[in-house]
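This report concerns only the one structure given below.
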Amino acid sequence: MTSFLEGNTCIVGLQWGDEGKGKIVDFIAEKADVVVRYCGGANAGHTVRIGNEKYSTHLLPVGIFRPHIMNVIGNGVVLDPEALLKEMDEFLGRGLAISPANLRISYKTHVMMPWHKEEDALREAAAGDQGIGTTKRGIGPCYADKMHRTTAIRVADLQNEAKLRERINRIATDRSKVFRALYDAPPLNPREIFEQYRDFGRRMLPFIDDTSHLLIQAFKAGKKIVFEGAHAVLLDVDHGTYPYVTSSNCSALGLYTGAGVPPQTVKNFIGIVKAYSTRVGGGPFPTEQDNKIGEYIRERGNEYGTTTRRPRRCGWFDAFAVKYAVDLCGVTSIALTLVDVLSGLDHLQICTGYRINGVRMESFRADMDTLADAQPIYETLPGWNGNISGCRTFDDLPADAQRYVKRIEQLCGVPISMVSVGPERSATLLR
Ligand code: GDP
Ligand code: IMO
Ligand code: MG
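The opening residue of the sequence shown carries number 120 in this note's numbering; numbering runs sequentially from there.
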């Protein structure tokens, strides 16, 4: 076992998502016993390439591709049963084994209801160009109901059908009034919703468990646990570029509450970082290249959303923002992904800081107004040519690619332990 993987590991995106977390979780899951999702919902899209097969997961933990692994959907997730069952059916149809022997869902997990998705879409439409650019998967409204408490439904509530009917009736009636008043929307049909969710509940029943207890027992038994972060630090509801964020604590800091484990459970925090920057949806993005460079990166990196297929905004690597994320999460090492995408550019720029009104900022501030005025300070490095996806050791990389990786390492202040040069498992260089 590589030394940086001894002990339990949290995988966390350090930018605005889509850093290749799926690929790296799948890679290190080879040596794991348990893989846990602890935040977000079907707004996530994690891609795994196994041979010629490509899989996109939205709710299932990526350990589902290795038969020996127990996969856990933690309480911090907002679970859309329709999306989960669709994903399970797709993978079952493709020959994967999914049963309570390799999948458990926390009874404390909050359930995504049709009115959450409707409210997300209605709010975004009403906001026009002031919208967040959400995935319209109902994420914000579902987390809001979790905090409201009396209007929330948890996985445990699916187990009691009489109570579920009563709750759905009450909440749907209330929501219909609000949607009508605010958006002139037609009423919800509580009976139809109840029947649909009753059936979802019946299918999910065998998977429901006390997963916090399961994880604590696994830890005590010396099992190897991988915490699969979704989204990323700059999308964290507290620490990201608010309000252009998602609604969960999707930095590493959310794992304790979202999985239900104490801090000493986790030893390694591997930050996943792509060799440039991307972002989907609205919000500040100081190093964005809305030009030929951005297009070059988008086409070579196939930078289109895994969940919504939207073109991702692309730009230069922002070491100033990533260093903030490294420090916030106590990142112990970095996996640098998609390095192959940058081949063929004459030169590369790395942002090392921001200036506001001519003054260099001392530290990154995840604040909308600050970032809107931030002028990136760049240093320029030479590019390299040729396809590097076939490289299998770090030393195989062109000297200028090695130099680029080492400069990022220096600026982030933690070792880059993995370099990814292609979507496949084998295109992962360990250092
Ligand atoms: P995630 O949300 O962080 O799991 O990332 P996504 O799966 O949404 O997006 C990452 C994309 O990059 C996927 O299509 C991956 O198959 C792909 N990918 C991951 N690592 C590499 C790499 O090193 N090189 C290339 N070319 N593609 C990669
Ligand atoms: P993975 O796990 C990229 C973005 C959305 C939008 C904002 C809020 O694949 O890296 P939401 O639907 O969550 O309310 O949308 O957050 N967003 C992501 N962007 N990758 C993700 O996940 C994302 N999850 C949410 O695009 O800007
Ligand atoms: Mg993604």
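For every residue, glycine included, the Cβ atom is placed at its ideal position computed from N, Cα and C.
Asked: For residue 538 versus residue 530, is the C-beta spacing smaller than 8 Å?; Found: no
Asked: Residue 317 to residue 286, Cα distance in whole Å?; Found: 12 Å
Asked: Is residue 425 near the ligand MG - that is, is its Cβ less than 7 Å away from at least one heavy atom of it?; Found: yes
Asked: So does the region 397 to 407 actually touch the region 374 to 381, counting three or more Cβ pairs closer than 8 Å?; Found: no
Asked: Under 7 Å: does the beta carbon of residue 173 sit that close to some heavy atom of the ligand IMO?; Found: no
Asked: Quick one: what does DSSP say residue 331 is sitting in, helix, strand or coil?; Found: helix
Asked: Please give the ranges of any beta strand (DSSP E) in the region 443 to 508, keeping only runs that are unbroken, at least 3 residues long and fully inside the region.; Found: 452 to 456, 466 to 475 and 494 to 501
Asked: For residue 166, name the three-state secondary structure that DSSP assigns.; Found: strand
Asked: Between the Cα of residue 394 and those of 414, 461 and 159, spot the shortest distance and give me the residue it belongs to.; Found: 461
Asked: Closer than 8 Å is the cut-off here; do at least three beta carbon pairs connect the region 385 to 393 with the region 126 to 144?; Found: yes
Asked: Determine which residues share a DSSP beta bridge with residue 176 and list them.; Found: 165
Asked: What are the residues that DSSP puts in a beta bridge with residue 433?; Found: 397
Asked: DSSP three-state label for residue 201, please.; Found: helix
Asked: For the alpha helix (DSSP H) that residue 190 lies in, which residues bound it at each end?; Found: Premise fails: residue 190 lies in the beta strand (DSSP E), 189 to 192, not in any alpha helix (DSSP H).
Asked: Since residue 224 and residue 192 are thought to touch, with beta carbons under 8 Å apart, how far apart are those beta carbons, to the nearest angstrom?; Found: 5 Å
Asked: Look up residue 247 in the DSSP assignment and give the residues it is bridged to.; Found: Bridge partners of residue 247: none, in fact.
Asked: State the Cα-Cα distance for the pair residue 470 and residue 526, rounded to the nearest angstrom.; Found: 11 Å
Asked: If the criterion is Cβ atoms closer than 8 Å, does the pair residue 436 and residue 482 meet it?; Found: no
Asked: Going by the CB atoms, is the gap between residue 508 and residue 546 shorter than 8 Å?; Found: yes
Asked: Does the count of Cβ pairs from the region 493 to 500 and the region 411 to 429 closer than 8 Å reach three?; Found: no
Asked: Skipping 5 residues on each side, what residues in its chain have a beta carbon closer than 8 Å to that of residue 475?; Found: 489, 492, 493 and 494
Asked: Going by the CB atoms, is the gap between residue 194 and residue 426 shorter than 8 Å?; Found: no
Asked: Count the other CB atoms, across all protein chains shown, that sit within 10 Å of the CB of residue 478; report buried if there are 16 or more and exposed otherwise.; Found: exposed
Asked: Once the 5 residues before and after residue 520 are set aside, which same chain residues still bring their CB inside 7 Å of it?; Found: 458, 503 and 507
Asked: With three or more C-beta pairs closer than 8 Å as the rule, is the region 358 to 377 touching the region 341 to 350?; Found: yes
Asked: Classify residue 122: buried if its beta carbon has 16 or more other beta carbons within 10 angstroms, exposed otherwise.; Found: exposed
Asked: Which residue wins for smallest C-alpha separation from residue 432, given the options 303, 438 and 424?; Found: 424
Asked: Less than 7 Å separating the Cβ of residue 252 from some heavy atom of the ligand MG?; Found: no
Asked: What alpha helix (DSSP H) runs, 4 residues minimum, are completely inside the region 205 to 250?; Found: 233 to 246
Asked: By DSSP, does residue 280 sit in helix, in strand, or in coil?; Found: helix
Asked: So, with DSSP's three-state summary, where would you put residue 133?; Found: coil
Asked: What I want to know is whether the C-beta of residue 162 ends up closer than 7 Å to one or more non-hydrogen atoms of the ligand IMO.; Found: yes
Asked: For residue 452 versus residue 533, is the C-beta spacing smaller than 8 Å?; Found: yes
Asked: Just to confirm the assignment, what range does the beta strand (DSSP E) spanning residue 535 have?; Found: 535 to 539
Asked: If you reduce the DSSP assignment to three classes, tell me which class residue 262 lands in.; Found: helix
Asked: For residue 513 versus residue 472, is the C-beta distance shorter than 8 Å?; Found: no
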